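Asks: Before we start, here is the structure in question, set down as structure tokens.
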Amino acid sequence: MPVDVSGVLAQAQGRASSLPTCQVESGPLEWVLDPGHLLISDPNALGDTHSVEQGNQLDDRARKNAQVLMNRVFSLPIVRVEEVTCVALPAPVTPLPREKPIPKPKPLTKWEKFAQEKGIVQKKKTPMVWDDVVKDWIPRFGYKKAVAEQTKNWMMPYKGNAPDDEDPFEKAIESKRERVAKNELQRLRNVARNKKVKIPKVGVTPMVEKQTGKNPNDLKKAAELAKKSTASLGKFQPNLPGSLEKNIKPSQGKKRKFDPLVSATEKDKNMKILQQITSKAPKLDLKKAVGREMFHQDQERETSKRQTAGKKGKGRFNKKSGERAKKGKASGRGGKRR
Amino acid sequence: MRPLTEDETKALFEKLSKYIGENIKCLLDRPDGLYCFRLQKDRVFYVQEKIMKMAATFPRDALMSLGTCFGKFTKSGKFRLHITALDFLAPYAKHKVWLKASAEQQFLYGRNAMKSGLGRITENTDKYQGVVVYSMSDLPLGFGVAAKATAECRHAEPMSVVCFHQADVGEYIRNEAMLI
Numbered sequence: 001m002p003v004d005v006s007g008v009l010a011q012a013q014g015r016a017s018s019l020p021t022c023q024v025e026s027g028p029l030e031w032v033l034d035p036g037h038l039l040i041s042d043p044n045a046l047g048d049t050h051s052v053e054q055g056n057q058l059d060d061r062a063r064k065n066a067q068v069l070m071n072r073v074f075s076l077p078i079v080r081v082e083e084v085t086c087v088a089l090p091a092p093v094t095p096l097p098r099e100k101p102i103p104k105p106k107p108l109t110k111w112e113k114f115a116q117e118k119g120i121v122q123k124k125k126t127p128m129v130w131d132d133v134v135k136d137w138i139p140r141f142g143y144k145k146a147v148a149e150q151t152k153n154w155m156m157p158y159k160g161n162a163p164d165d166e167d168p169f170e171k172a173i174e175s176k177r178e179r180v181a182k183n184e185l186q187r188l189r190n191v192a193r194n195k196k197v198k199i200p201k202v203g204v205t206p207m208v209e210k211q212t213g214k215n216p217n218d219l220k221k222a223a224e225l226a227k228k229s230t231a232s233l234g235k236f237q238p239n240l241p242g243s244l245e246k247n248i249k250p251s252q253g254k255k256r257k258f259d260p261l262v263s264a265t266e267k268d269k270n271m272k273i274l275q276q277i278t279s280k281a282p283k284l285d286l287k288k289a290v291g292r293e294m295f296h297q298d299q300e301r302e303t304s305k306r307q308t309a310g311k312k313g314k315g316r317f318n319k320k321s322g323e324r325a326k327k328g329k330a331s332g333r334g335g336k337r338r
Numbered sequence: 001m002r003p004l005t006e007d008e009t010k011a012l013f014e015k016l017s018k019y020i021g022e023n024i025k026c027l028l029d030r031p032d033g034l035y036c037f038r039l040q041k042d043r044v045f046y047v048q049e050k051i052m053k054m055a056a057t058f059p060r061d062a063l064m065s066l067g068t069c070f071g072k073f074t075k076s077g078k079f080r081l082h083i084t085a086l087d088f089l090a091p092y093a094k095h096k097v098w099l100k101a102s103a104e105q106q107f108l109y110g111r112n113a114m115k116s117g118l119g120r121i122t123e124n125t126d127k128y129q130g131v132v133v134y135s136m137s138d139l140p141l142g143f144g145v146a147a148k149a150t151a152e153c154r155h156a157e158p159m160s161v162v163c164f165h166q167a168d169v170g171e172y173i174r175n176e177a178m179l180i
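Respectively, the protein sequence lines represent chains A and B. Take 1 as the starting number for the first sequence in UniProt numbering and just add one per residue. Take 1 as the starting number for the second sequence in UniProt numbering and just add one per residue.
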């Protein structure tokens, strides 16, 4: 079957021309590209209409920009990593903000502060030290030092006038333990100072007493609290052992209590409450006062009107005509207004 | 059923005193026997002591009503007056509003009273004063609150509200279930 090649080509061309191109022209301003972050920014202004067209425009812009970024990415050198085609991205240019805040400087310990004030600078110590006895280099710290120490100190002399039952090995261990404990205490003191926690300077603290539960009052309190600390406030809790249970005070909570259904004093009580309510000191209520004043003025006006009407009204029942009386009434009113 | 606590009594008396002032004394101190207020399922009943004692023999759940219901306490502790209290409060009312025959029906359907429907009003009634609403034939219709002082009423427009609706006898039909 013969095929019209030119027709097919024309059709393909037509299809291709209807699709969006990958050659995109920039606006008045150039794009700013940062392929390291796969970032593109388009500094050209947007139209200022809020419409469907605007939306379409935005879609178009986004497509174009993505196309530009893709063009750039595809122009970068291609690398093959385990049969996968990759692109070697250049180093990013745009600075990004830090994820976390900059760490605060560590507060100085007491010794560090003192050294700073005095200008003491710690000398750098070498990690290994030559030992004459072992005839070898031994680390200054660490487990190898401890091992070397053991081999070196297989025998320890009694010091001066130490008692006979004293074990120098044990004494060494004890002194080491004490030094560690002291260091730990000082570390905790530093922490407390930096956190501004008040701690006693010397001596046994009452805290220790509480922690060990040696204070009998504390124990009692704890037992009481523990008994009450249930959903039903200890109502269904079994009794504590003898002496503790005896010392527990009845609960301090106030129980709702209503008066008995029938009581002789009820009426008096109610009367008292009524007295309280009705004998409240009168307050100056501005609205009320204004209302009263308006009412009084109205009343006065009315009475005066009635009086004047009455005076003139006499004329109505005189021999003179009613017309005149009416006139007089009207004039009277007018006079009042003036 | 139980007597009211002090706070509850205060709330009740304060509400009643808005309508009848110190005439509450007449309710407490009656020549025809001892009367008292009792609370049952949040409702306050005004009841003769003799009847109250008889009612005390019933379990609380079974007791629906006793004496006359004056109103109920809301969950937030406020007292709300019911229309059933009207018979006891109307004779002692300090401030009254009379409605014209044309405005009666509107009020009985739960509407506020307009100036156009106002027949008479007690002199010296203050703004927001509790009032008992009467028909022109002196039949008590319900409770209200004066929206305007007496003096203001005179200058008010005909369509302005003069008395806010609180309760009316129409509720006997409209809110039968709520009133017990």
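Cβ coordinates follow ideal geometry from the N, Cα and C atoms, glycine included. None of these values were measured; they are calculated from a predicted model.
(1) Confirm, please, whether the CB-CB distance from Gly-142/B to Gln-166/B is below 8 Å.
(2) Note down, in chain order, each residue of its chain lying with its Cβ closer than 6 Å to the Cβ of Ser-39/B, except the 5 sequence neighbours on either side.
(3) Comparing alpha-carbon positions, which option in Ile-273/A, Pro-127/A, Leu-58/A and Asn-153/A lies nearest Phe-141/A?
(4) Which two residues bound the contiguous beta strand (DSSP E) that contains residue 340/A?
(5) Just mark Gln-129/B as buried or exposed, buried being the case when its beta carbon has 16 or more other beta carbons within 10 Å.
(6) Going along the chain, which unbroken runs of the alpha helix (DSSP H) with 4 or more residues stay wholly within the segment 120-181 of chain A?
(7) Between Glu-300/A and chain B, is there a C-beta pair that is closer than 8 Å?
(8) Please give me, in chain order, every unbroken run of the beta strand (DSSP E) with length at least 3 that falls completely inside the segment 48-132 of chain A.
(9) Could you check where the alpha helix (DSSP H) with Lys-10/B kicks off and where it finishes?
(10) DSSP on Arg-174/B, reduced to helix/strand/coil?
(11) Return helix, strand or coil for Gly-27/A, following the three-state DSSP convention.
(12) According to DSSP, is Arg-316/A part of a helix, a strand, or is it coil?
(13) In three-state terms, what does DSSP make of Ala-223/A?
(14) Flag this pair as yes or no: are the beta carbons of residue 220/B and Lys-72/B separated by less than 8 Å?
(15) Got a sec? Which residues, its chain only, sit under 6 Å from Val-79/A by beta carbon, not counting five neighbours each side?
(16) Which same chain residues, not among the five before or five after Lys-94/B, have their C-beta less than 8 Å away from its C-beta?
(17) Per DSSP, Cys-36/B forms a beta bridge with which residues?
(18) Since Gln-13/A is in the alpha helix (DSSP H), which residue starts that stretch and which ends it?
(19) When DSSP labels each residue in this structure, what does Arg-2/B get in the three-state scheme?
(20) When the cut-off is 8 Å and only beta carbons count, does Pro-31/B lie next to chain A?
(21) Going along the chain, which residues of the segment 15-30 of chain B sit with their C-beta nearer than 9 Å to a C-beta in chain A?
(22) Can you name the start and end residues of the alpha helix (DSSP H) that Ile-24/B belongs to?
(23) Mind checking Val-47/B: buried by the 16 CB within 10 Å criterion, or exposed?
(24) Can you give me the C-alpha to C-alpha distance between Thr-125/B and Arg-154/B, rounded to a whole angstrom?
Replies: The relevant details are as follows:
(1) In the second sequence, the residue the question calls residue 166/B occupies position 166. In the second sequence, the residue the question calls residue 142/B occupies position 142. Yes.
(2) For this step, residue 39/B is matched to residue 39 along the second sequence. It should be pointed out that residue 39/B corresponds to Leu in this sequence rather than to Ser. Counting only Cβ-Cβ distances below 6 Å, and skipping sequence neighbours, we find Arg-2 and Leu-4.
(3) Here residue 141/A corresponds to residue number 141 of the first sequence, with the count starting at 1. It is Pro-127/A.
(4) Chain A is shown only over 1 to 338; residue 340/A falls outside these bounds and no answer can be derived.
(5) Taking the second sequence and counting its residues from 1, one reaches residue 129/B at position 129. The residue in question, Gln-129/B, is buried, as its Cβ has 16 or more Cβ neighbours within 10 Å.
(6) 143-152
(7) To locate residue 300/A, count along the first sequence from 1; it is residue 300. Judged by the 8 Å Cβ criterion, Glu-300/A is not in contact with chain B.
(8) 78-81, 84-87 and 128-131
(9) Within the second sequence, residue 10/B is the residue found at index 10, counting from 1. 6-20 is the extent of the alpha helix (DSSP H) around Lys-10/B.
(10) Along the second sequence, read from residue 1 onward, the residue named residue 174/B stands at position 174. Helix.
(11) Looking up residue 27/A in the first sequence gives position 27. In this structure, Gly-27/A counts as coil in the three-state DSSP scheme.
(12) Here the question's residue 316/A lines up with position 316 in the first sequence. Any answer about Arg-316/A is weak, because its pLDDT of 47 lies below 50 and its placement is not dependable; what the coordinates show is given next. Reduced to three states, the DSSP call for Arg-316/A is helix.
(13) For the purposes of this step, residue 223/A is taken as residue 223 along the first sequence, with counting starting at 1. In the structure shown, Ala-223/A sits in a helix (DSSP, three-state: H, G or I).
(14) What is shown of chain B runs 1 to 180, which leaves residue 220/B out entirely.
(15) The residue given as residue 79/A occupies position 79 in the first sequence. The residues are Cys-86 and Ala-88.
(16) On the second sequence, position 94 is the one that residue 94/B refers to. Excluding residues within five positions, the ones whose Cβ falls inside 8 Å are Tyr-19, Ile-20, Gly-21, Asn-23 and Thr-122.
(17) For the purposes of this step, residue 36/B is identified with residue 36 of the second sequence, where counting begins at 1. Paired residue(s): Val-47/B.
(18) Residue numbering aside, residue 13/A sits at position 13 when the first sequence is read from its first letter. Note, Gln-13/A: alpha helix (DSSP H), 5-18.
(19) Start at 1 with the first residue of the second sequence, and residue 2/B comes out as number 2. Arg-2/B: strand per DSSP, three-state reduction.
(20) Locating residue 31/B in the second sequence gives position 31, counting from the first residue. Taking Cβ atoms only, chain A never reaches closer than 8 Å to Pro-31/B, which makes this a no.
(21) Ser-17, Gly-21, Glu-22, Ile-24, Lys-25, Leu-28 and Asp-29
(22) As a working mapping, residue 24/B is identified with position 24 in the second sequence. Unbroken alpha helix (DSSP H) run through Ile-24/B: 24-28.
(23) In the second sequence, counting from the first residue as 1, residue 47/B sits at position 47. Its Cβ being crowded by 16 or more others within 10 Å, Val-47/B is buried.
(24) The residue you call residue 125/B lines up with position 125 of the second sequence. The residue you call residue 154/B lines up with position 154 of the second sequence. The straight-line gap from Cα to Cα measures roughly 12 Å.
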